[in-house]
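Chains as they are written, first to last, in numbering that gives the first Met the number 0: chain W, 0 to 514; chain P, 0 to 150. Presented below is the structure to which this report refers.
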Amino acid sequence: MESLPLYPVYSVDFLGSFLMLLLSLGAFRYSLELKRHFPQSVLFMYLFGLSSAFVALSISRSIGHMLRFIFIYAGVPHWWQDLAPVSGSLNSICFVSVAVLTFVYPSVRKIIHRVRADAEQLKRAKEELEAANLKLQELYHTLEEKVEQRTRELLASEQKFRRLFENSGEVIFFCDAGGRISDINPSGVKLLGFSRKEEIIGRPMRDFFADEDSWRRYVETLCKKGFIKDFEARLRSHDGGERYVIITANTIEGEEGCKRGYEGIAKDITNYRKMTEKLIYSEKMASLGQLAAGVAHEINTPLGIILGYAQLLKKEFKDHPELAEELAIIESQAEVCKKIVSDLLSFARSSENIRGKKFINLNDCVIQTVDMIRHTFEMDDIDLKLHLDPELPEIYADDDRIRQVILNLLNNSRDAIGKGGEIHIWTFVSGEQVIIEIGDTGCGIPPEIKDRIFDPFFTTKPPRQGTGLGLSVSYGIIEDHGGTIEVYSPPKEEKHLKYGLKTVFVIRLPLGSHA
Amino acid sequence: MQRILITLFIFFLEVSKVWAVQVHGPPEGFYSHILAHILFTISILFILYFSRRHPMGAGKAWLYFRISLILFLLWNLDTMMVHFLDLRLPEEALYLSPNPFEHKLYGPLTFERWVYYIGRFDHLICVPAMWFMVQSLRTFYREFKEQKVRN
Numbered sequence: 000m001e002s003l004p005l006y007p008v009y010s011v012d013f014l015g016s017f018l019m020l021l022l023s024l025g026a027f028r029y030s031l032e033l034k035r036h037f038p039q040s041v042l043f044m045y046l047f048g049l050s051s052a053f054v055a056l057s058i059s060r061s062i063g064h065m066l067r068f069i070f071i072y073a074g075v076p077h078w079w080q081d082l083a084p085v086s087g088s089l090n091s092i093c094f095v096s097v098a099v100l101t102f103v104y105p106s107v108r109k110i111i112h113r114v115r116a117d118a119e120q121l122k123r124a125k126e127e128l129e130a131a132n133l134k135l136q137e138l139y140h141t142l143e144e145k146v147e148q149r150t151r152e153l154l155a156s157e158q159k160f161r162r163l164f165e166n167s168g169e170v171i172f173f174c175d176a177g178g179r180i181s182d183i184n185p186s187g188v189k190l191l192g193f194s195r196k197e198e199i200i201g202r203p204m205r206d207f208f209a210d211e212d213s214w215r216r217y218v219e220t221l222c223k224k225g226f227i228k229d230f231e232a233r234l235r236s237h238d239g240g241e242r243y244v245i246i247t248a249n250t251i252e253g254e255e256g257c258k259r260g261y262e263g264i265a266k267d268i269t270n271y272r273k274m275t276e277k278l279i280y281s282e283k284m285a286s287l288g289q290l291a292a293g294v295a296h297e298i299n300t301p302l303g304i305i306l307g308y309a310q311l312l313k314k315e316f317k318d319h320p321e322l323a324e325e326l327a328i329i330e331s332q333a334e335v336c337k338k339i340v341s342d343l344l345s346f347a348r349s350s351e352n353i354r355g356k357k358f359i360n361l362n363d364c365v366i367q368t369v370d371m372i373r374h375t376f377e378m379d380d381i382d383l384k385l386h387l388d389p390e391l392p393e394i395y396a397d398d399d400r401i402r403q404v405i406l407n408l409l410n411n412s413r414d415a416i417g418k419g420g421e422i423h424i425w426t427f428v429s430g431e432q433v434i435i436e437i438g439d440t441g442c443g444i445p446p447e448i449k450d451r452i453f454d455p456f457f458t459t460k461p462p463r464q465g466t467g468l469g470l471s472v473s474y475g476i477i478e479d480h481g482g483t484i485e486v487y488s489p490p491k492e493e494k495h496l497k498y499g500l501k502t503v504f505v506i507r508l509p510l511g512s513h514a
Numbered sequence: 000m001q002r003i004l005i006t007l008f009i010f011f012l013e014v015s016k017v018w019a020v021q022v023h024g025p026p027e028g029f030y031s032h033i034l035a036h037i038l039f040t041i042s043i044l045f046i047l048y049f050s051r052r053h054p055m056g057a058g059k060a061w062l063y064f065r066i067s068l069i070l071f072l073l074w075n076l077d078t079m080m081v082h083f084l085d086l087r088l089p090e091e092a093l094y095l096s097p098n099p100f101e102h103k104l105y106g107p108l109t110f111e112r113w114v115y116y117i118g119r120f121d122h123l124i125c126v127p128a129m130w131f132m133v134q135s136l137r138t139f140y141r142e143f144k145e146q147k148v149r150n
């Protein structure tokens, strides 16, 4: 074989070009559809570009191959010679386009992936943000509801405790670290004798303790233990009076454990204490009365015999003046003893005395007694001032014994005044009682002996100037009448204070009943 | 605009003889065409490497796509080889009479001339390459359409 025919090559070229054209158009169609359906796909964009370049390449090459054959066959080969460079250049451009697309594709893909990743991230972040926002809104609503609920609960609690604080009969107080009262309830204000809370707030608690030692023990215990329970203390009120309280308190500790102050409750036990004291006193006086009555009865009989025999012997030996004089001494001393025994019996509330009771006017007793001693008192420059209620009802009592009580009290007042002073006597009705008050401008009664003045044989007078039975007898007589006798030194009532009285005895007798 | 069109027309008429799988006479045309082929080849190698390094997907569509790329790669090598062999072919080796059916490649029929002759059947490579490309796109289209319907 010396040569090879080229028409098989031309035939394959011709047919191949045609097929290339068809296939490239088919590829273009699919890529176009893909791009249309999936416009966001970078791969399909790339494939579309690739298919477009292949279509251009196929057209260029296919037309070239087919036209070349036709032009040569038609006898115009120079036409092909003119068109061939155009076809070749188009082919080159298509190759370059395909290459550029291929080179660019990964980068574009990468960039778009990144952009999409960023977008996805942004989307996720947005979704998370929205979810968080939603959650936050829910939380906010929940929080709002919770805050409202807590506020309501807090308000209810606050009102509950406020009511308790305001209406409590006990004293509730709060003090700061310096021991100054920072808050106190109305009961406390009242107990301390003030009218407004503001007058107390800021004042040291110490000021209200009547006893310095008591305050020190209170503070020491509180600081040491952190609490104090049932501590009995005496408080001094604004008007000078004293109140007995039982304090239960505890310290308030801050977040760091330091003491921020203390809070406590004080219970007013003044009345309870007075009643207890009275009860104890009554019991004591009753015991003393029994003792005195026993002693008096036992002594009374031998004393009567001594007195009788002394009087008999005095008559027998009236011719012997020396003996008679000595017997007279025995008689007089026996009389003194009899008087003491009689007083003791009076103190002991002897039932024999009931026989002398009748309906009497207390004013008459006062006037008769005052008339009896006025002259003597005036000699000591003591003024007796009477404030008698003219409408005073009668009471059922032994007038002699009541006069004795008034006389005892007036004598005591005179002894307390000494020279120059005033004695005031009031009578009036209070409820179901008739009251008689006897006050003087004397020296007053020292607190330490105040509890003992009604004890038998207790006296502050020098020996032989008093038996110490005056007040005991008075106490016995008043008790015998179903009444009470009390002493106020210093007095508390304004009407007593305005006259400068230092001691006031208050006798209460029951009105119109057979005691 | 008219002047530009006339200039372009003259340019196309005046350019010297260029053959397509064909020959490119003047060296510039030939070089640029060969460079375009090289670029095309490198880009195919690049996309093949890239798709292997960063797998873009699996399935028939991708398989067809890769086969298509490999065939286009072979076609490029074939056409470049034919271009170079064409340059080495003496003018009298080809009988190009007015009747194309009489066109011949004269002997002596050496290995090089056989290779040249067989190499000129490049459509036997590029047509299957394009067919696989169509199949790949068709499969993509079907798969994604089905997926879209499913979604």
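We treat Cβ as the ideally placed atom computed from N, Cα and C, and that holds for glycine.
Span of the beta strand (DSSP E), counted from its first residue to its last, around residue i
i         : result
W/Thr-502 : 502 to 509
W/Thr-458 : Looking at the DSSP string, W/Thr-458 is not in any beta strand (DSSP E), and its letter there is neither H nor E.
W/Asp-175 : 170 to 175
W/Thr-248 : The identity of residue 248 of chain W in the sequence shown is Ala, whereas the question assumes Thr. Residues 241 to 252.
W/Val-486 : 483 to 487
W/Leu-357 : Per the sequence presented here, residue 357 of chain W reads as Lys, with Leu not at that position. Here the beta strand (DSSP E) through W/Lys-357 covers 357 to 359.
P/Ile-124 : Per DSSP, P/Ile-124 belongs to no beta strand (DSSP E); it is in the alpha helix (DSSP H), 122 to 149.
W/Lys-588 : For chain W, the structure presents residues 0 to 514; residue 588 of chain W sits outside this window and is missing.
W/Phe-193 : Taken as a continuous stretch (DSSP letters only), W/Phe-193 belongs to no beta strand (DSSP E), as it is neither H nor E.
W/Cys-13  : In the sequence on display, residue 13 of chain W carries Phe and not Cys. Run containing W/Phe-13: none in the beta strand (DSSP E); it sits in the alpha helix (DSSP H), 6 to 36.
W/Ser-94  : Residue identity differs from the one stated: residue 94 of chain W is Phe in this sequence, not Ser. Unbroken run through W/Phe-94 is the alpha helix (DSSP H), 76 to 166; no beta strand (DSSP E).
W/Lys-491 : First-last for W/Lys-491: undefined, no H or E at that position.
8 Å contact criterion, which residue i and residue j should meet: CB distance rounded
i         : j         : result
P/Leu-136 : W/Ala-26  : 5 Å
W/Leu-190 : W/Ser-236 : 7 Å
W/Val-8   : W/Ile-111 : Not really, about 44 Å apart at Cβ, beyond 8 Å.
P/Lys-103 : W/His-36  : That belief does not hold up - the Cβ atoms of P/Lys-103 and W/His-36 are roughly 51 Å apart, past 8 Å.
W/Glu-1   : P/Gly-106 : 5 Å
W/Glu-393 : W/Ile-359 : 6 Å
W/Leu-387 : W/Val-365 : 6 Å
W/Gly-260 : W/Ser-181 : 7 Å
W/Thr-101 : P/Ser-31  : Contact doesn't hold; Cβ gap of about 19 Å is too wide.
Minimum Cβ-Cβ distance from residue i to chain C less than 8 Å
i         : result
P/Leu-136 : Among the protein chains of the structure shown, namely W and P, there is no chain C.
Range covered by the alpha helix (DSSP H) that runs through residue i
i         : result
P/His-36  : 26 to 52
P/Tyr-116 : 110 to 118
W/Ala-73  : 41 to 73
P/Leu-95  : First-last for P/Leu-95: undefined, no H or E at that position.
W/Asp-399 : 398 to 416
W/Lys-449 : 446 to 449
W/Ile-476 : 469 to 479
Those residues which DSSP pairs with residue i across a bridge
i         : result
W/Ser-429 : W/Gln-432
W/Pro-203 : W/Arg-179
W/Gly-499 : Per DSSP, none; premise fails for W/Gly-499.
P/His-102 : In the DSSP output, where bridge partners are listed per residue, P/His-102 has none listed.
W/Asp-382 : W/Glu-421
P/Ile-66  : Beta-bridge pairing links P/Ile-66 to no other residue.
W/Phe-523 : Because residue 523 of chain W is not part of the residues shown, which for chain W are 0 to 514, the question remains open.
Neighbouring residues, chain P, relative to residue i (Cβ below 7 Å)
i         : result
W/Gly-25  : Val-133
W/Pro-105 : Phe-49
W/Leu-46  : Leu-136
W/Ile-32  : Inspection of the sequence shows that residue 32 of chain W is occupied by Glu rather than by Ile. Near W/Glu-32 (Cβ distances below 7 Å), the residues of chain P are Tyr-140.
Under 8 Å from the C-beta of residue i: neighbouring residues of chain P
i         : result
W/Met-19  : His-122, Cys-125, Val-126 and Met-129
W/Val-97  : Phe-39 and Ser-42
W/His-112 : Here the premise fails: no neighbours, minimum Cβ distance about 10 Å.
W/Ser-51  : Under the 8 Å cutoff, chain P gives no residues; its nearest Cβ is about 12 Å from W/Ser-51.
Any non-hydrogen atom of the ligand NAP closer than 7 Å to residue i Cβ
i         : result
W/Thr-247 : Because no ligand of any kind appears in the structure shown, any question about the ligand NAP cannot be addressed here.
Beta-carbon neighbours of residue i, restricted to chain W and to distances below 8 Å
i        : result
P/Tyr-30 : What P/Tyr-30 touches in chain W: nothing, since even the nearest Cβ is about 10 Å away.
P/His-82 : Ordered by position in chain W, no residue passes the 8 Å Cβ test against P/His-82, which lies about 10 Å from the chain.
9 Å Cβ cut-off: residues of chain W touching residue i
i         : result
P/His-102 : Pro-4, Leu-5, Tyr-6, Val-8, Tyr-9 and Ile-71
P/Gly-106 : Met-0, Glu-1, Ser-2 and Leu-3
P/Lys-147 : His-36 and Phe-37
message = Any contact between the region 258 to 277 of chain W and the region 167 to 176 of chain W? By contact I mean 3 or more CB pairs, one from each, below 8 Å.
response = Between the region 258 to 277 of chain W and the region 167 to 176 of chain W, the count of Cβ pairs shorter than 8 Å is three or higher; the stretches touch.
Quiz item: Do the region 404 to 419 of chain W and the region 502 to 509 of chain W make contact, defined as three or more Cβ pairs closer than 8 Å?
Solution: They touch, by the three-pair rule.
Review point. Between the region 434 to 450 of chain W and the region 368 to 379 of chain W, are three or more C-beta pairs nearer than 8 Å?
Key: The region 434 to 450 of chain W, when compared against the region 368 to 379 of chain W, does not touch it at the 8 Å Cβ threshold.
request  = Inspect the CB distances between the region 85 to 99 of chain W and the region 124 to 138 of chain P and report whether three or more fall short of 8 Å.
outcome  = By the Cβ test, the region 85 to 99 of chain W is not in contact with the region 124 to 138 of chain P, since fewer than three Cβ pairs between them sit closer than 8 Å.
- Does the region 92 to 107 of chain P come close enough to the region 69 to 80 of chain P that 3 or more CB-CB pairs lie under 8 Å? Short answer: they don't touch.
_the region 109 to 116 of chain P in contact with the region 11 to 18 of chain W per 3-pair CB rule at 8 Å_ = The region 109 to 116 of chain P is not in contact with the region 11 to 18 of chain W.
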